[in-house]
Amino acid sequence: MTPLAHMDRAARVKVMIFDVDGILTDGSLTYGADGEITKTFNVLDGLGIQLLQKTGVITAIISARKSPIVLARARDLGINHVWQGHHDKRVAFAELLEQTGVTAEQCGYIGDDVIDLPLLTKVGFAVTVPTGHPEVQYRAHYVTKAGGGRGAVREVCDMVMRAQGTYEQALAPYFA
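Right under this line is the structure:
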């Protein structure tokens, strides 16, 4: 796919959807002695999501795992559309489309494993990370340079804003 093709796809995104493990995080799960699971999120990714939201793009999370940590992170970032514990992500995706009134073609999705393929093959802008499963990389419109939990989400948010011509406006307050 030519570079222009993925930018054309990014330009049409009205809803950007994020997987969690391997995308918003590096995919590691840390278990404490009491069995508590912790995850680490990237601050650059978080600001990218907030900037993207300010340009009018809706953001969402669809994850197969269920974690109160994800809800806390979503709340911190102002992500109002969150589905967890959905191994068949198509159900959550259908609900998201109904709630937002957009088409699958107007959505972007970033995922990294075969469980993400049902959405990656439906959305207009399918993205994965360098460590994404080979089947996912093969079907993605774009593979990020940064890794999951290491700036991949920010890279995609910046790309969508650049493609839509809103990047400079989103960053303008920081140059004042």
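In my numbering, the protein residues as written are -19 to 156. Yeah, the Cβ is synthetic: ideal placement off N, Cα and C, and Gly gets one too. All values derive from a computational prediction rather than experimental measurement.
Checklist entry - If K102 sits next to A84, beta carbons under 8 angstroms apart, how far is it from one beta carbon to the other, in whole angstroms? => result 5 angstroms
Checklist entry - Do D(-1) and I42 have their C-beta atoms closer together than 8 angstroms? => result yes
Checklist entry - Going along the chain, which unbroken runs of the alpha helix (DSSP H) with 4 or more residues stay wholly within the region 42 to 92? => result 48 to 57, 69 to 80
Checklist entry - What alpha helix (DSSP H) runs, 4 residues minimum, are completely inside the region 100 to 152? => result 114 to 119, 132 to 144, 147 to 151
Item to check | Range covered by the beta strand (DSSP E) that runs through V(-5) | outcome: -5 to -2
Item to check | Cβ-based burial, N22 [other Cβ within 10 Å; buried from 16] | outcome: buried
Next on the checklist: Does the structure place the region 30 to 37 close enough to the region 10 to 17 that three or more beta carbon pairs sit under 8 angstroms?
Outcome noted: no
Next on the checklist: Following a CB-centred definition, is E78 positioned closer than 7 angstroms to any heavy atom of the ligand GTP?
Outcome noted: Summarising the ligand content, the structure contains no ligands, and the ligand GTP is consequently not present.
Checklist entry - With DSSP run on the structure shown, which of helix, strand or coil describes A156? => result coil
Item to check | Option nearest I95 by Cα separation, candidates Q117, V82, L77 | outcome: Q117
Checklist entry - Applying the criterion that 16 or more other CB atoms from any shown protein chain within 10 Å of the CB defines a buried residue, is H121 buried or exposed? => result buried
Item to check | Beta-carbon spacing of Y147, I(-3) below 8 angstroms | outcome: no
Item to check | Assigned exposure category for Q144 - 16 Cβ within 10 Å defines buried | outcome: buried
Checklist entry - From M139 to A(-10), what does the alpha carbon distance come to, in whole angstroms? => result 7 angstroms
Next on the checklist: Given this structure, state the Cα-to-Cα distance separating L57 from L51, to the nearest angstrom.
Outcome noted: 10 angstroms
Next on the checklist: If contacts are defined as beta-carbon pairs under 8 angstroms, then H40 and H67 qualify, I think. What distance do you get, rounded to the angstrom?
Outcome noted: Note that residue 40 is Ala in the sequence shown, not His. Contact doesn't hold; Cβ gap of about 17 angstroms is too wide.
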